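First comes the structure, then the notes that go with it.
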DNA sequence: CAAAATCGTGTAATTTTATTTCAGAGTTAG
DNA sequence: CTAACTCTGAAATAAAATTACACGATTTTG
């Protein structure tokens with residue numbers, strides 16, 4: 228009884244965190260009926276959050292009071308408190324703890340998991356960036372006569388492509404290379420006043436590292452968005468270090484791309500602000516041109532579509 | 228039909244997430260009593276998850292049925308469902324914007340703004356997706372003999388490129404076209420059993436719309452990730468509607484790309500789960516091959532770097 | 001402008017859900 | 001074998017949530 232009271236007190240605080248692992252921990256101390264409830268809950272955590280006490284009791288083949296007792300044993304004051312705690316736990320778990328258990332049956336769950344992780348990556352990135360490096364990078368890019376972008380492999384290649392557009396729109400001479408050979412070739416034509424921006428999640432893409440080393444040897448400012456402590460990080464002048472937690476499930480795409488893209492957006496916007504007049508004029512021209520060609524003629528309907536929507540320059 | 232889809236979407240969405248932004252969105256449509264409830268909830272989301280209906284009614288100074296009606300207006304079937312949804316949302320929200328970091332300098336503020344908006348776009352997307360369409364799309368893609376990806380303009384082109392990699396890694400014959408001419412050419416070689424996935428933020432990229440129409444006429448399943456009510460949305464069989472709030476500043480890249488990428492990741496993961504064995508084997512081979520060539524040889528140092536990090540397949 | 005229809009709201013009834021009480025069954029210890 | 005104890009569910013109770021309904025305010029319509 229004394230132990231009971233004590234655990235209850237402790238539970239009070241712990242109840243807000245991780246019901247799932249708590250369930251596993253206290254499981255041996257549960258009575259038979261309670262254990263049956265635990266089993267049913269464990270079998271479908273998600274569903275448990277939507278059950279009423281009578282439903283759960285019926286499924287567990289125990290009485291309703293036993294369910295209430297179970298909740299108390301779990302450190303919750305009531306059944307509904309238990310449900311709320313469980314729901315909270317599951318949400319966190321979806322993204323971080325049980326990352327490879329993706330509910331294939333429910334597309335909503337899947338989307339939820341993926342997107343939560345994506346947003347998490349961006350947040351993680353925001354938490355760890357060194358703003359002084361961002362400032363330096365923006366200055367370097369804004370002052371560059373020419374910018375080369377290097378990335379290899381699918382994810383980074385796409386990000387490089389996107390980065391090209393971001394900078395290109397500002398009227399900066401920029402080129403993106405995803406091929407190792409071309410990267411090295413381009414790198415050897417760089418000179419002081421030029422910059423290289425290399426993106427690699429692993430930081431171990433050999434061609435990229437080599438190209439960066441070449442670029443550096445020719446006096447270009449080399450900037451890398453990558454993991455710290457990797458060959459690429461060692462090779463570059465300015466290293467924007469990003470470490471994103473990866474899930475173990477290989478079928479889930481890495482969320483680091485979101486962080487990289489967010490960084491590129493930040494840099495591009497920073498450069499745009501720095502160049503202001505010039506960049507704005509470039510952007511204006513790009514938009515104007517696109518509005519006239521290669522686009523469906525805006526339907527003059529009653530549709531109150533804002534002008535923005537007819538702009539395809541952001542496609 | 229439009230009304231049909233809309234109501235279906237709304238009903239389906241109920242089970243999904245982000246009550247908070249939905250609250251803000253539907254707020255103007257609420258009645259006076261409901262709005263009072265909304266105000267009380269908004270004032271203390273956290274606390275609302277622990278209130279009973281009578282408590283909430285008393286605090287809002289409305290009757291209990293009004294609270295129930297409020298929950299229905301929010302797309303929940305019952306008060307308790309509302310509470311669970313709210314609890315989930317809060318947890319998600321915490322994960323999305325829990326960066327307590329305060330930035331003093333300009334670069335930091337910039338990064339903060341950009342990244343918050345990026346995360347916001349993903350959340351917005353999560354809030355508005357119709358999960359049944361996601362399911363249908365995953366099924367269509369998984370069953371396809373061949374998949375064509377169309378996107379034009381910078382942002383979408385990069386996303387298409389990324390999507391190609393995601394699907395390609397699963398062992399699916401996939402091709403990405405960013406050129407209008409090529410899109411049309413490829414589209415006319417499609418046949419029943421093939422699919423097209425088109426991405427466009429504006430939904431008005433003429434070549435893409437035309438290519439989709441051609442593909443459709445040849446019996447391919449056409450899927451579009453775009454804004455609802457646009458030419459592209461009209462042209463495709465399955466429309467995954469995404470409307471992302473755009474900022475007025477033209478120097479800031481559109482955040483819709485994050486949403487599109489997240490959707491592609493969701494679809495790709497869904498397809499991977501569906502194909503499971505086959506996809507896993509493909510992924511394994513891709514990784515194995517990449518681990519042997521084109522990569523820096525892992526330094527056999529004391530560095531406790533997990534194996535994952537030496538994998539460049541996700542670059 | 002008045003009658004009708006509609007909408008929003010609360011009261012009261014009803015149903016559903018959760019908790020407490022209590023007694024019986026099973027278990028262990030002396 | 002019995003006393004003390006634990007576990008459990010039935011039943012009672014309390015609480016919570018929903019439905020049905022009616023009243024008053026507003027808008028619509030002839």
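Chains as they are written, first to last, in the numbering used here: chain A, 228 to 542; chain B, 228 to 542. Heads up, the beta-carbon is just placed ideally off N, CA and C, and yes, glycines get one too. Just so we're clear, the structure is a prediction, and the values are computed from it rather than from any experiment.
- Item | Within 9 Å of chain B by C-beta, residues of the region 473 to 492 of chain A in sequence order | For the region 473 to 492 of chain A, which is checked against every Cβ of chain B, the residues closer than 9 Å are 473, 475, 476, 477, 478, 479, 480, 481, 482, 483, 484, 485, 486, 488, 489, 490, 491, 492.
- Top-ranked residue by Cα proximity to residue 245 of chain A, from A:263, A:272, A:259: Shortest Cα-Cα distance from residue 245 of chain A to any of A:263, A:272, A:259 involves A:272.
- Message: Taking contact to mean 3 or more Cβ pairs, one atom from each stretch, closer than 8 Å, check whether the region 348 to 357 of chain B and the region 379 to 392 of chain B are in contact.
- Response: Result no; under three Cβ-Cβ pairs closer than 8 Å.
- Quick one: measure Cβ to Cβ for residue 447 of chain A and residue 423 of chain A, integer angstroms, because I've assumed they're closer than 8 Å. With 8 Å as the limit, residue 447 of chain A and residue 423 of chain A qualify as a contact, their Cβ atoms being about 5 Å apart.
- Message: Below 6 Å, is the gap between the Cβ of residue 503 of chain B and the nearest heavy atom of the ligand GTP?
- Response: Because no ligand of any kind appears in the structure shown, any question about the ligand GTP cannot be addressed here.
- Message: Using a 10 Å radius around the Cβ and a threshold of 16 neighbouring Cβ atoms, would you call residue 496 of chain A buried or exposed?
- Response: Classification of residue 496 of chain A: buried, given that the 10 Å Cβ count is 16 or more.
- Query: Is it true that the CB of residue 436 of chain A sits closer than 7 Å to the CB of residue 417 of chain A?
  - Reply: When the beta-carbon positions are compared, residue 417 of chain A and residue 436 of chain A stay at least 7 Å from each other.
- Item | residue 247 of chain B burial status per 10 Å Cβ neighbour count (16 or more: buried) | Around the CB of residue 247 of chain B, 16 or more other CB atoms lie within 10 Å, so the residue is classed as buried.
- Item | Member of B:371, B:483, B:376, B:457 whose CA lies at the smallest distance from the CA of residue 421 of chain B | Ranking the options by Cα distance to residue 421 of chain B, first place goes to B:371.
- Task: Please work out which residues of its chain come closer than 7 Å, Cβ to Cβ, to residue 542 of chain B, disregarding the five sequence neighbours upstream and downstream, and give them in chain order.
- Result: Taken in chain order, the list of residues that qualify is empty.
- Query: What is the rounded straight-line gap between the Cα of residue 320 of chain A and the Cα of residue 315 of chain B?
  - Reply: One C-alpha to the other measures close to 11 Å.
- Item | 7 Å CB neighbourhood of residue 395 of chain A in its chain, flanking five on each side removed | 401.
- Message: Tell me which residues of the region 360 to 386 of chain A have at least one Cβ-Cβ distance to chain B shorter than 8 Å, keeping chain order.
- Response: Those residues of the region 360 to 386 of chain A that come within reach of chain B (Cβ to Cβ, closer than 8 Å) are 361, 362, 365, 378, 379, 380, 381, 382, 383, 384, 385, 386.
- Message: From the DSSP secondary-structure annotation, give me the bridge partner or partners of residue 378 of chain A.
- Response: Per the DSSP secondary-structure output, residue 378 of chain A pairs in a beta bridge with A:426.
- Considering residue 449 of chain A, what are the terminal residues of the beta strand (DSSP E) in which it resides? Taken as a continuous stretch (DSSP letters only), the beta strand (DSSP E) holding residue 449 of chain A covers 448 to 453.
- Query: Listing by chain order, which chain A residues have their CB less than 7 Å from the CB of residue 388 of chain B?
  - Reply: Identification of chain A residues near residue 388 of chain B by a Cβ-Cβ cut-off of 7 Å yields 384, 385, 388, ordered along the chain.
- Task: For my contact list, residue 375 of chain B and residue 413 of chain B are in at a C-beta cut-off of 8 Å; report their separation, rounded to the angstrom.
- Result: With a Cβ gap of about 5 Å, residue 375 of chain B and residue 413 of chain B count as contacting.
- Message: Can you check which of these residues, A:503, A:469, A:474, A:479, is closest to residue 479 of chain B by C-alpha distance?
- Response: That would be A:503, whose Cα lies nearest to the Cα of residue 479 of chain B.
- Query: Are the beta-carbon atoms belonging to residue 318 of chain B and residue 279 of chain A less than 7 Å from one another?
  - Reply: Inclusion of residue 318 of chain B and residue 279 of chain A in the CB contact set at 7 Å is not warranted, their separation being larger than that value.
- State yes or no: is the beta carbon of residue 281 of chain A nearer than 7 Å to at least one beta carbon in chain B? No, residue 281 of chain A does not count as interfacial toward chain B.
- Item | C-alpha gap between residue 483 of chain A and residue 398 of chain B, whole angstroms | Rounded to the nearest angstrom, the two C-alpha atoms are 23 Å apart.
- Meets three-Cβ-pair contact criterion under 8 Å: the region 257 to 272 of chain A and the region 287 to 306 of chain B: No contact exists between the region 257 to 272 of chain A and the region 287 to 306 of chain B.
- Item | Straight-line Cα distance separating residue 313 of chain A from residue 276 of chain A | One alpha carbon belongs to residue 276 of chain A, the other to residue 313 of chain A, and they sit about 7 Å apart.
- Task: Using 10 angstroms around the beta-carbon of residue 335 of chain A, count the other beta-carbons present and answer buried if the total reaches 16, otherwise exposed.
- Result: With 16 or more Cβ atoms within 10 Å of its Cβ, residue 335 of chain A is classed as buried.
- Mind checking which residues open and close the beta strand (DSSP E) that includes residue 438 of chain B? In the DSSP assignment, residue 438 of chain B falls outside any beta strand (DSSP E) and within the unbroken alpha helix (DSSP H) covering 433 to 444.
- Message: So, under 8 Å CB-CB, residue 377 of chain A and residue 438 of chain A are touching, yes? Tell me the CB distance rounded to an integer number of Å.
- Response: Between residue 438 of chain A and residue 377 of chain A the Cβ distance is about 5 Å, and since that is below 8 Å, they are a contact.
- Item | DSSP-derived helix/strand/coil call for residue 491 of chain B | Residue 491 of chain B falls in the helix class under three-state DSSP.
- Give, in chain order, every residue of the region 273 to 300 of chain A whose Cβ lies closer than 9 Å to some Cβ of chain B. Those residues of the region 273 to 300 of chain A that come within reach of chain B (Cβ to Cβ, closer than 9 Å) are 276, 277, 279.
- What are the boundary residues of the alpha helix (DSSP H) that residue 463 of chain A is part of? Premise fails: residue 463 of chain A is in no alpha helix (DSSP H) and is neither H nor E.
- In terms of residues, what are the limits of the beta strand (DSSP E) holding residue 289 of chain A? That residue, residue 289 of chain A, is in no beta strand (DSSP E); it is neither H nor E in DSSP.
- Message: Cβ closer than 7 Å: which chain A residues qualify as neighbours of residue 353 of chain B?
- Response: What residue 353 of chain B touches in chain A: 338, 339, 342.
- Query: If residue 493 of chain A sits next to residue 337 of chain B, beta carbons under 8 Å apart, how far is it from one beta carbon to the other, in whole angstroms?
  - Reply: 6 Å between Cβ atoms; contact.
- Item | Assigned secondary structure, residue 373 of chain B (DSSP; H/G/I helix, E/B strand, else coil) | In the structure shown, residue 373 of chain B sits in a strand (DSSP, three-state: E or B).
- Since residue 455 of chain B and residue 470 of chain B are thought to touch, with beta carbons under 8 Å apart, how far apart are those beta carbons, to the nearest angstrom? Confirmed, Cβ separation roughly 7 Å.
- CB-CB length for residue 431 of chain B against residue 462 of chain B, believed under 8 Å: About 11 Å; that fails the 8 Å criterion.
- Message: Checking the sheet assignment: what are the DSSP bridge partners for residue 255 of chain B?
- Response: Its beta-bridge partners do not exist; DSSP assigns none.
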